Amino acid sequence: MRRLVLLCVVVLASFGLVISHDVLLAQPAGKQLICHVTGNAGAHIIEVSVNAVPAHLRNHDDCLINSTDRALIGEPCDPTDANINDICDIQP
């Protein structure tokens, strides 16, 4: 009986770690990943408030990343938006 209880505790603890890991990587509410153009330095993925998205799209030629994976922050990206829908044509 003790082994069964111990096994249940280990399984539930492992499940909790997986859930907490996903929660940490999930994008917070009110945030958006974008491919941010930084002039001669190229472009990389940043996370901004949804309130800042219109200014980034308008003033920086940035485009939206179709992901909520915060592990992408800082990665290089391609800011091409040939179809002009504000979403990056090439996704990471």
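Okay, so the sequence shown: first residue is 3 according to our numbering, each after it adds one.
All C-beta atoms in this analysis are idealised placements derived from N, C-alpha and C, irrespective of residue type, glycine included.
Keep in mind that this is a model prediction, so the values were computed, not measured.
So, is Pro-81 buried or exposed, given that buried needs 16 or more other C-beta atoms within 10 angstroms?
Counted from its first residue, the sequence shown places residue 81 at position 79. Residue burial annotation: Pro-81 is buried, with at least 16 other C-beta atoms found within 10 angstroms of its C-beta.
Only counting the same chain, and skipping five residues up and downstream in sequence, which positions put a Cβ closer than 7 angstroms to that of Ser-51?
The sequence position of residue 51 within the sequence shown is 49, counting from 1. Contacts found: Gly-32 and Lys-33.
Host alpha helix (DSSP H) of Val-55 (start-end)
The residue you call residue 55 lines up with position 53 of the sequence shown. 55-62 is the span of the alpha helix (DSSP H), which, as asked, contains Val-55.
Pro-78 to Ala-45 span [Cα, whole Å]:
Stepping through the sequence shown from its first residue, residue 78 is reached at position 76. Stepping through the sequence shown from its first residue, residue 45 is reached at position 43. A straight line joining the alpha-carbon of Pro-78 with that of Ala-45 spans about 6 angstroms.
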